[in-house]
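The block underneath contains the structure these notes are about, expressed in C-alpha cells.
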Amino acid sequence: MAKSKELNIIGWREWVALPSLKIDQIKCKVDTGAKTSALHAYFIEPYKKAGIEYVRFGLHPLQKSIKKEVVCTSKVADQRVITDSGGHRETRYVILTRLKIGQHELETEVTLTNRDSMTFRMLLGRDAIKKQFIVNPARSYLIGKKKK
Numbered sequence: 846m847a848k849s850k851e852l853n854i855i856g857w858r859e860w861v862a863l864p865s866l867k868i869d870q871i872k873c874k875v876d877t878g879a880k881t882s883a884l885h886a887y888f889i890e891p892y893k894k895a896g897i898e899y900v901r902f903g904l905h906p907l908q909k910s911i912k913k914e915v916v917c918t919s920k921v922a923d924q925r926v927i928t929d930s931g932g933h934r935e936t937r938y939v940i941l942t943r944l945k946i947g948q949h950e951l952e953t954e955v956t957l958t959n960r961d962s963m964t965f966r967m968l969l970g971r972d973a974i975k976k977q978f979i980v981n982p983a984r985s986y987l988i989g990k991k992k993k
C-alpha cells in the first residue's frame, strides 16, 4: 500500500491572506459543505479591457465593520449559478486568486457575492482545501494567525 501524503490540520475558522488582491488578512469560515470558496463583495463592476473580461469589486475585510474598504480588480475566470445553503440560486462571478493560509500558498477559485448579512466575509470551500488540509471542527486558528 502506498504511503499517503501528510495533510495539514486547520480549524473551522482561520485567518488567510489574498496577496494578489492586496488583502493581508481576512477571517474565513472553513466550509466543507461549500464546493467553491466565496468572498464578500459589496459592489461588483464588470468591464472589458483588450477584449478580456475583468471585474472590479469592493470588499469590507473586517467582520461586522464597514470602516475598512479595499477595492480589488481581477480577471473573470467564469460565471456560475451557485446555490447557497438556503437554497437560493445566484449567478456569480468567479475569479482565480492566490490564497495564503499559514505558510501554505495555493491558487483557488473564489466566487464574489454580497455577504454583509453573514458573520464571515469569506468562506473557504472544499475545492480549495482538498488534497492539502483536513479540518478539525473543534478547533480554530490552527495555522492562520491574526496579524497585529
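Quick note: the sequence shown uses the working numbering, first residue 846, plus one each step.
Idealized CB from N, CA, C, for every residue including glycine.
Give the secondary structure of residue i by DSSP, where H, G and I count as helix, E and B as strand, and everything else as coil.
i, result
"Ile927", "strand"
"Ile974", "helix"
"Pro906", "coil"
"Ser865", "helix"
"Leu968", "strand"
"Ala883", "strand"
"Gln870", "strand"
"Gly989", "coil"
"Pro982", "coil"
"Ser919", "strand"
How long is the line joining the alpha carbons of residue i and residue j, rounded to whole angstroms?
i, j, result
"Lys874", "Gly896", "35 angstroms"
"Lys848", "Gln977", "The predicted model places Lys848 with a pLDDT of 49, which falls under 50 and marks its position as unreliable; any figure quoted below should be read in that light. Distance between the alpha carbons of Lys848 and Gln977: 15 angstroms."
"Ile911", "Ala886", "12 angstroms"
"Asp923", "Arg960", "20 angstroms"
"Glu935", "Lys945", "27 angstroms"
"Arg901", "Val915", "11 angstroms"
Here's the rule: buried if 16 or more other CB atoms are within 10 angstroms of the residue's CB, otherwise exposed. What is residue i?
i, result
"Met846", "The pLDDT assigned to Met846 is 40, lower than 50, so where the model puts this residue is not dependable; a value taken from the coordinates is nonetheless given after this. Met846 is exposed by the Cβ-count criterion."
"Gly989", "buried"
"Ile979", "exposed"
"Arg858", "buried"
"Ser919", "buried"
"Ile940", "buried"
"Phe888", "exposed"
Figure out for me which residue from the options has the closest Cα to the Cα of residue i.
i, options, result
"Gly931", "Leu907, Ile946, Met963, Ser910", "Met963"
"Leu987", "Leu866, Leu884, Gly856", "Gly856"
"Lys850", "Val900, Ile927, Lys975, His905", "Lys975"
"Lys872", "Tyr938, Ile927, Pro982, Lys909", "Lys909"
Determine, using beta carbons only, whether residue i comes closer than 8 angstroms to chain C.
i, result
"Leu951", "Included in the structure is just one protein chain, with no chain C present."
So, under 8 angstroms CB-CB, residue i and residue j are touching, yes? Tell me the CB distance rounded to an integer number of Å.
i, j, result
"Thr956", "Thr877", "The pair is not a contact, with the Cβ atoms about 16 angstroms apart (cut-off 8 angstroms)."
"Ala879", "Gln870", "In fact, because the Cβ distance is near 21 angstroms, the residues do not count as touching under 8 angstroms."
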